[in-house]
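Student:
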Amino acid sequence: MEFKELPPVKEQIMKCVRCGKCRSVCPVFAEVGNETAAPRGHVFMVQMLRDGKVEPDKAVYDKLSACLMCETCSVNCPSGIDVHELNAAARSYIYEKNPSIAKEFIFDTMWTNPGFLKASTHFMGGLQKLGLQKIARDMGLTRILPGDLPEAEKILTNIPTKSAKTCLPEINKTVGPKKYTIGYFLGCATDLLSPEVAKATIDVLTRNGCEVIIPPGIKCCGLPHIANGKMDTARKLAAHNIKLFNSYNFDYVITDCASCSAALSRKNMEFLFKGLNIEDQAYDFSSRVMDLTSFLINVIDIQIPEVKYDKKVKVTYHDPCHLANAQGITREPRELLKRIPGIEFIEMNNANSCCGGSGTYSVTHYKMSMKILDKKMDNVMETGADKLVTCCPSCMMQLKYGVRRHNWKCQVVHPVVLVSECYQNALIEQGENR
Amino acid sequence: MEQVAIKEELSKMLGQEKVLTENLDLMYYSYDSSFLTKLKPATPDAVVFPRSTEDVQQVMKFAWNNNINIIPRGAGTGETGGCIAIEGGIVMDLSTWSDIEEIDAMNMQVIVRPGVIHADLNNELAKYNLFFPPDPGSSKMCTIGGMVANNASGLRAVKYWSTEPYILGLEVVMPNGEVITTGGMKARTIKNVSGINLTKLMVGSEGILGIITRIRIRCIPKPSARGIAMAVFDNLDDAPATVLEVYQAGILPSGIEILDSSAIHAVNDFKPEINLPNAEAILLFEVDGNPPSVEYEGQVIKEVAGKRAREVEWSTDPVRMTQLWEGRSVTATAAARVRPDGTRIFAGEDISIPISRVADTLRAIRSLGKKYGIQIVNYGHIGDGNVHSAPVINPENPEEVERVLKLVHEIHLLAIEMGGTTTGEHGVGAVRRSYAELEHGLAVEYMKRIKKAFDPHGIMNPGKVF
């Protein structure tokens, strides 16, 4: 579809009255402080692109890509403009006009092929142990990877040697009577960087009447591609996943990754496919998609087993942008935490402000990402929490780095891991062995 | 002076980090929230970000010596094109110069630099149980400098008036680079009648006389209690009549807002769950003070409004107050979404008329809307006669644009005819300057002489006010 014909471009640009409310909520604007970083500035620049007043070149791309795509402006916009969609559409348009070999490789080849992505991640893991910076430089990797890799290398956590997919069976039978058949959308980051989250998800779901199937051949949800100007690739990935999951008859498609559930949501499907043939199939698919915490609270109404504890653990929660802003899910993760025995929940200030990770942003815009992270960490540290909980593997990676960067003693963890621990501890208490 | 040379000189003077010179960057400074700049954006030659009075002085002296226009800018939330370089020049972005220099709680004063955000200031003052009462709708993003330059006000102007009475003194960099302090910038007093009141002259001068670099503000104790009354009217005339009767009963609410039938429909279409009563007009009264006085005033309002209103509800319960006020909170948003293929525009949006003429004016605006085939959502601060009309059009349809410009012109003329003014709180800027003669007559000549005395080279924000 032509850039100018895309629904947000066609319908939303004219709605911006440039009231400036977005200036008051944008985490990047708060750091940059000038209009070039204001969300309304991005809307204006997309208009200039549409009207041919500026060329679709790298300079414009750089301005637009300073945006985190955290969607804070979109949810606060009085005119209801999806600023992030306009921005993504414009980035994609500029890329079509300026194909970049480097990003073609990363986002079209590496990040569309699960095997290749896994191999690359493990290769990175190997490099990491040796000190990625020097080797990456020697191999010229810094030229083909986006952004400021040498510094961004620090963000990468210890990459696990085994991905979740290699450890988990395709079909995971329920413990007890079966109530639901679940398709588990195991996202790239959970799979490769946080396999313990995937294991906990399977554990908790199967203990709550769910048979969990991990369809072989799941590909990336496409969100990194949307953020990096590769909308066409995102469409191809989504189309693949839609067909794959629709070939089963799942009651729900569950994901533990905020970015994945946002990418698979009806809203994003409309953005990618509105007016295209696959539209109805996409909506059918997204109607089954649900964030894990929402499923556990709203569908399962999970009752977590009582376990003994010596002393309450202080826990705080960071709202991932793709959960809170993109999907409006803020109550369920907190409710889930409050149902865990032995937890003292402490709400941090500005829990819903971005951590600066935003998928690949911390790699492409390292310095800005760190400024935003430091603000987040100030709020985290103020709570004195022992555990910092969030529902997004990208946020987890960023926050783990934040904890290291500030020498703070705090475990960064997905809530489902804490829930799973309760089940394990209850079993131990009962003297059972699985 | 050539644009390239201007950029080089400014970069040398202030350092690269305080100057924008790339053409692409400058484009972002071609707009504010006015409909004018949606139609005709104007790109400046450079943008500077001063962080000290000396920075401002240097830029001013350079501009003075080279006859370059200077356009001060806050957060760019204005609706008049006031911060736009419509005749070229250097935009001075003061929005991030946001130091609260001193909170003198004992003397109930605060000194700020121009870029402090209104809501941020009040959050700080709240720690001392103080507040700066003018309450613009853009509180979360607008700057104190912008409020002073435009003499802004808002919902609570009924009781607390506009920015002007709270400004005790200013530091101003004059167009030739000299620095003056006015009124109580030096004297730490609340009362001060020494000398010609240049503070009052600067407040609302919209950047055409000098650059305001430091502001001493008088704060007042924060009220401890609040209550909201909603009154629903089947007859439009009963709404302003009730406002006047409430005043006559000796009550001065902090705010009185009106939603006419157009706004009621817009709100209910946007958020059906708010479910405003179907009526010709709804009035919302806000009362603040201490708990017994708030309760007393609320009961009087209920009694007085009850004589004309179909229904009246009074509440001091925080949850219910939020519900009662929600319709007003979302009106601007609802107006923006009333038409899927259009939006509200900021033009003809700020007339101010005598309270006794509000009903006639609203009816006349509805007729004008019919005449030009344009939907208009009307709401505003009826307690002081300030009506916000929101024409809803597709701003990218030239034929609609042509029609709406004619409509807006007639709304402005209507305001003057009703014994009012074209702007109650947003300012004149570039969009309402053509009405200066009609509104002020010979006084405009004296305004021009004052301008000439301050700015003989005419470099301060040209093309604005008159």
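If you're matching them up, the sequences are chains Z and S in order.
For the first sequence, the residue numbers in the numbering used here are 1 to 434.
For the second sequence, the residue numbers in the numbering used here are 1001 to 1466.
Don't be surprised by glycine CBs; every beta carbon is placed ideally from N, CA and C.
Using a Cβ cut-off of 7 Å, which residues of the region 72-87 of chain Z contact any Cβ in chain S, in chain order?
Tutor: Pro-78, Ser-79 and Gly-80
Student: Which chain Z residues are close to S/Asn-1122, counting only those with a beta carbon under 9 Å from its beta carbon?
Tutor: Residue 1122 of chain S sits at position 122 when you count from the first residue of the second sequence. Those do not exist, as S/Asn-1122 stays about 14 Å from chain Z at its closest Cβ, beyond 9 Å.
Student: Could you tell me whether any non-hydrogen atom of the ligand GTP is closer than 8 Å to the CB of S/Arg-1403?
Tutor: Ligands displayed in this structure: none; no statement on the ligand GTP is therefore possible.
Student: For Z/Val-54, would you say it is in contact with chain S, using Cβ-to-Cβ distances shorter than 9 Å as the test?
Tutor: If you number the first sequence from 1, residue 54 of chain Z lands on position 54. For Z/Val-54, the nearest CB of chain S lies under 9 Å from its own CB, placing it at the interface with that chain.
Student: Check Z/Cys-220 in the structure and name its three-state DSSP category.
Tutor: The sequence position of residue 220 of chain Z within the first sequence is 220, counting from 1. Z/Cys-220: coil per DSSP, three-state reduction.
Student: Residues of chain S with a CB under 7 Å from the CB of Z/Arg-23: which are they?
Tutor: What you label residue 23 of chain Z is simply residue 23 of the first sequence in a count that begins at 1. Under the 7 Å cutoff, chain S gives Ala-1075 and Met-1141.
Student: Would you please verify whether the beta carbon of Z/Arg-331 is less than 9 Å from any beta carbon of chain C?
Tutor: Going by chain labels, chain C is absent from the structure shown, which instead holds the protein chains Z and S.
Student: To the nearest angstrom, how far is it from the Cα of Z/Pro-146 to the Cα of S/Pro-1221?
Tutor: In the first sequence, counting from the first residue as 1, residue 146 of chain Z sits at position 146. In the second sequence, counting from the first residue as 1, residue 1221 of chain S sits at position 221. Annotation note: pLDDT 46 at Z/Pro-146 (below 50); position unreliable, no value reported.
Student: When you check each C-beta in the region 1075-1107 of chain S against every C-beta of chain Z, which residues fall closer than 8 Å?
Tutor: Ala-1075, Gly-1076, Thr-1077, Asp-1093, Ser-1095 and Thr-1096
Student: In three-state DSSP terms, what is Z/Ile-144?
Tutor: On the first sequence, position 144 is the one that residue 144 of chain Z refers to. Because the pLDDT at Z/Ile-144 is just 42, under 50, the model does not fix this residue reliably, and the value given afterwards should be weighed accordingly. Looking at Z/Ile-144 - three-state DSSP - the assignment turns out to be helix.
Student: Please name the residue in S/Thr-1421, S/Gly-1383 and S/Thr-1037 whose C-alpha comes closest to that of S/Ile-1251.
Tutor: Counted from its first residue, the second sequence places residue 1251 of chain S at position 251. For the residues S/Thr-1421, S/Gly-1383 and S/Thr-1037, the minimum Cα distance to S/Ile-1251 belongs to S/Gly-1383.
Student: Taking the CB atoms as reference points, tell me whether S/Leu-1155 and S/Gly-1184 lie closer together than 9 Å.
Tutor: Position 155 of the second sequence holds residue 1155 of chain S. Position 184 of the second sequence holds residue 1184 of chain S. The answer is no: Cβ separation not under 9 Å.
Student: Secondary structure at Z/Met-290, three-state DSSP: helix, strand or coil?
Tutor: Here residue 290 of chain Z is taken as the residue at index 290 of the first sequence, counted from 1. Here Z/Met-290 sits in strand by DSSP.
Student: Buried or exposed for Z/Arg-235, please, with buried defined as at least 16 other CB atoms from any protein chain shown within 10 angstroms of its CB.
Tutor: In the first sequence, residue 235 of chain Z corresponds to position 235, counting from 1. Around the beta carbon of Z/Arg-235, a 10 Å sphere encloses 16 or more other beta carbons of the protein chains shown; the residue is thus reported as buried.
Student: If Z/Glu-429 and Z/Phe-271 are in contact, beta carbons under 8 Å, what's the gap, nearest whole angstrom?
Tutor: Counting from one through the first sequence, the residue named residue 429 of chain Z turns up at place 429. Counting from one through the first sequence, the residue named residue 271 of chain Z turns up at place 271. That pair is no contact at about 48 Å.
Student: Could you list the residues in the region 1252-1267 of chain S with a C-beta less than 9 Å from some C-beta on chain Z, going in chain order?
Tutor: Of all residues in the region 1252-1267 of chain S, none has a Cβ within less than 9 Å of some Cβ in chain Z.
Student: From Z/Arg-137 to Z/Lys-387, what does the alpha carbon distance come to, in whole angstroms?
Tutor: Start at 1 with the first residue of the first sequence, and residue 137 of chain Z comes out as number 137. Start at 1 with the first residue of the first sequence, and residue 387 of chain Z comes out as number 387. Annotation note: pLDDT 46 at Z/Arg-137 (below 50); position unreliable, coordinate value reported separately. Whole-angstrom Cα-Cα distance: 36 Å.
Student: What three-state label does DSSP hand Z/Cys-395 in the structure shown?
Tutor: Taking the first residue of the first sequence as position 1, residue 395 of chain Z is located at position 395. Three-state result, Z/Cys-395: helix.
Student: Check the Cβ-Cβ distances between Z/Cys-391 and every residue of chain S, and say whether any is below 9 Å.
Tutor: As a working mapping, residue 391 of chain Z is identified with position 391 in the first sequence. No, its Cβ sits nowhere closer than 9 Å to a Cβ of chain S.
Student: Output yes if chain Z places a C-beta closer than 9 Å to the C-beta of S/Tyr-1029; else output no.
Tutor: For the purposes of this step, residue 1029 of chain S is taken as the residue at position 29 of the second sequence. With 9 Å as the cut-off, S/Tyr-1029 counts as an interface residue toward chain Z.
Student: For S/Lys-1451, does the three-state DSSP call read helix, strand or coil?
Tutor: Counted from its first residue, the second sequence places residue 1451 of chain S at position 451. DSSP places S/Lys-1451 within a helical segment (H, G or I) once states are collapsed to three.
Student: If you draw a straight line from the C-alpha of S/Thr-1077 to the C-alpha of S/Ala-1005, how long is it?
Tutor: Along the second sequence, read from residue 1 onward, the residue named residue 1077 of chain S stands at position 77. Along the second sequence, read from residue 1 onward, the residue named residue 1005 of chain S stands at position 5. So the two alpha carbons sit approximately 30 Å from each other.
Student: Could you check what DSSP says for Z/Met-231 in three-state terms: helix, strand or coil?
Tutor: Walking along the first sequence from the start, residue 231 of chain Z turns up at place 231. If DSSP states are grouped into helix, strand and coil, Z/Met-231 belongs with the helices.
Student: Would you call the CB atoms of S/Asp-1317 and S/Thr-1422 closer than 9 Å?
Tutor: Here residue 1317 of chain S refers to the residue found at position 317 of the second sequence. Here residue 1422 of chain S refers to the residue found at position 422 of the second sequence. No, Cβ-Cβ distance for S/Asp-1317 and S/Thr-1422 is not below 9 Å.
Student: Whole-angstrom Cβ separation of Z/Leu-49 and Z/Tyr-93, contact assumed at under 8 Å?
Tutor: Along the first sequence, one-based indexing puts residue 49 of chain Z at 49. Along the first sequence, one-based indexing puts residue 93 of chain Z at 93. Their Cβ separation, rounded to whole angstroms, is 7 Å, which keeps Z/Leu-49 and Z/Tyr-93 in contact under 8 Å.
Student: For chain S, is any of its Cβ atoms less than 9 Å away from the one on Z/Gly-328?
Tutor: Reading the first sequence from its first residue, position 328 is the one you call residue 328 of chain Z. Output row for Z/Gly-328: interface = no.
Student: Can you tell me whether DSSP reads Z/Lys-387 as helix, strand or coil?
Tutor: Here residue 387 of chain Z refers to the residue found at position 387 of the first sequence. Here Z/Lys-387 sits in strand by DSSP.
Student: With respect to the beta strand (DSSP E) encompassing S/Leu-1168, which residues constitute its N-terminal and C-terminal limits?
Tutor: For the purposes of this step, residue 1168 of chain S is taken as residue 168 along the second sequence, with counting starting at 1. Counting along the chain, the beta strand (DSSP E) containing S/Leu-1168 begins and ends at 1167-1173.
Student: From the DSSP output, in three-state form, read off Z/Ala-189 for me.
Tutor: For the purposes of this step, residue 189 of chain Z is identified with residue 189 of the first sequence, where counting begins at 1. If DSSP states are grouped into helix, strand and coil, Z/Ala-189 belongs with the helices.
Student: Cutting at 7 Å between CB atoms, please list the residues of its own chain near Z/Gln-281, excluding the five before and the five after it.
Tutor: Indexing the first sequence from 1 puts residue 281 of chain Z at position 281. So the list reads Ile-242 and Asn-246, once near-sequence residues are dropped.
Student: How long is the line joining the alpha carbons of S/Glu-1400 and S/Ala-1364, rounded to whole angstroms?
Tutor: Reading the second sequence from its first residue, position 400 is the one you call residue 1400 of chain S. Reading the second sequence from its first residue, position 364 is the one you call residue 1364 of chain S. Their Cα atoms are separated by approximately 20 Å.
Student: Mind checking if S/Arg-1403 is an interface residue toward chain Z, Cβ cutoff 9 Å exclusive?
Tutor: The residue given as residue 1403 of chain S occupies position 403 in the second sequence. No, S/Arg-1403 lies away from the interface with chain Z (no Cβ there is under 9 Å from its Cβ).
Student: Whole-angstrom Cβ separation of S/Tyr-1029 and S/Val-1047, contact assumed at under 8 Å?
Tutor: Residue 1029 of chain S sits at position 29 when you count from the first residue of the second sequence. Residue 1047 of chain S sits at position 47 when you count from the first residue of the second sequence. So it is a contact: roughly 5 Å between Cβ atoms.
Student: Let me see if you follow: with CB-CB separation under 9 Å, is Z/Gly-41 close to chain S or not?
Tutor: Residue 41 of chain Z sits at position 41 when you count from the first residue of the first sequence. With 9 Å as the cut-off, Z/Gly-41 counts as an interface residue toward chain S.
Student: Do you know whose CA, among S/Pro-1291, S/Gly-1169, S/Ser-1261 and S/Ala-1279, lies nearest S/Ala-1335's CA?
Tutor: The residue given as residue 1335 of chain S occupies position 335 in the second sequence. Nearest of S/Pro-1291, S/Gly-1169, S/Ser-1261 and S/Ala-1279 to S/Ala-1335, Cα basis: S/Ser-1261.
Student: What does a CB cutoff of less than 6 Å around S/Gly-1306 pick up in its chain, not counting 5 residues either side in sequence?
Tutor: Here residue 1306 of chain S refers to the residue found at position 306 of the second sequence. Closer than 6 Å at Cβ, skipping near neighbours: Val-1312.
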